[in-house]
Amino acid sequence: MSKQEPPYVDSAYVDSTYVDGTELPGFHNLLGYRQASWEENEAVIELELEPKHLNLGGVIHGGVLTSLVDIAMAQAGTHCPFPGRMRKAITLSLTTTFTGQCSSGTIRVTGRKRAGGTRIFNSTGEVHDDKGNLLAIAEGTFRMRSGSDKPEGVPI
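Pasting the structure below:
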């Protein structure tokens, strides 16, 4: 199990803007997260909360939490150690349970692949604030996209 840490995370969303020098589409940029770590079966992303991430009540929006945990759980099953290549998956199902709130600081989102075959895998996720409080838990089922079922993935 090889662990890759930024700034070298070849097929990771290092600052959610670029993958291996290629600019990502809008939604990843809109969220503004950064990749804390990414290895086989586990991905960790972090987000410094800004006013745009809050709901009308002044706490983090549930859609932001759900989006981030979806990304981390998908990444947990799609790590690709080959430079210039990546693996992709689509979400088949996602369940999120909200357990807490926060309105400032940095949140940490961890996704872990729990089981799966070559095309379908299951992951769980957790979101914590910078004090260690649990904000959300999630589980999801994902399907590898064409070509991503192989460890070498597809060209970026």
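Here the sequence shown is numbered in my numbering, starting from 1141 and rising by one per residue. Built from N, CA and C at the ideal position, the CB exists for glycine as well. Here the structure is a predicted model, which means the values were calculated and not measured.
Does the beta carbon of serine 1244 sit closer than 8 Å to a beta carbon anywhere in chain D? Given the protein chain composition of this structure (a single chain), no chain D is represented.
Return the CA-CA distance between glycine 1257 and threonine 1235, expressed in angstroms with no decimal places. 21 Å
Quick check on lysine 1192: does DSSP put it in helix, strand or coil? helix
Quick check: serine 1263 and glycine 1251, are their CB atoms within less than 8 Å of each other? yes
Whose C-alpha, out of Glu1190, Trp1178 and Gly1166, is nearest the C-alpha of valine 1249? Trp1178
Can you tell me the Cα-Cα spacing of phenylalanine 1282 and leucine 1208, whole angstroms? Their backbone Cα atoms lie some 15 Å apart in a straight line.
Where lysine 1290 falls: helix, strand or coil (DSSP): The DSSP-derived three-state label of lysine 1290 is coil.
Figure out for me which residue from Pro1223, Ala1183 and Phe1238 has the closest Cα to the Cα of valine 1204. Phe1238
With burial defined as no fewer than 16 other Cβ atoms inside 10 Å of the residue's Cβ, what is the status of phenylalanine 1167: buried or exposed? exposed
Does the beta-carbon distance from alanine 1212 to alanine 1183 come in below 8 Å? yes
Can you list, in chain order, the residues of its chain with a C-beta nearer than 7 Å to that of leucine 1232? Leave out the 5 residues immediately preceding and following it. Thr1281, Phe1282 and Arg1283
Looking at C-alpha atoms only, which residue of Gly1265, Asn1273, Phe1222 and Leu1275 is the closest neighbour of valine 1294? Phe1222
With 16 other Cβ atoms within 10 Å as the buried cut-off, status of lysine 1290: Burial check for lysine 1290: the Cβ neighbour count within 10 Å stays below 16, so the residue is exposed.
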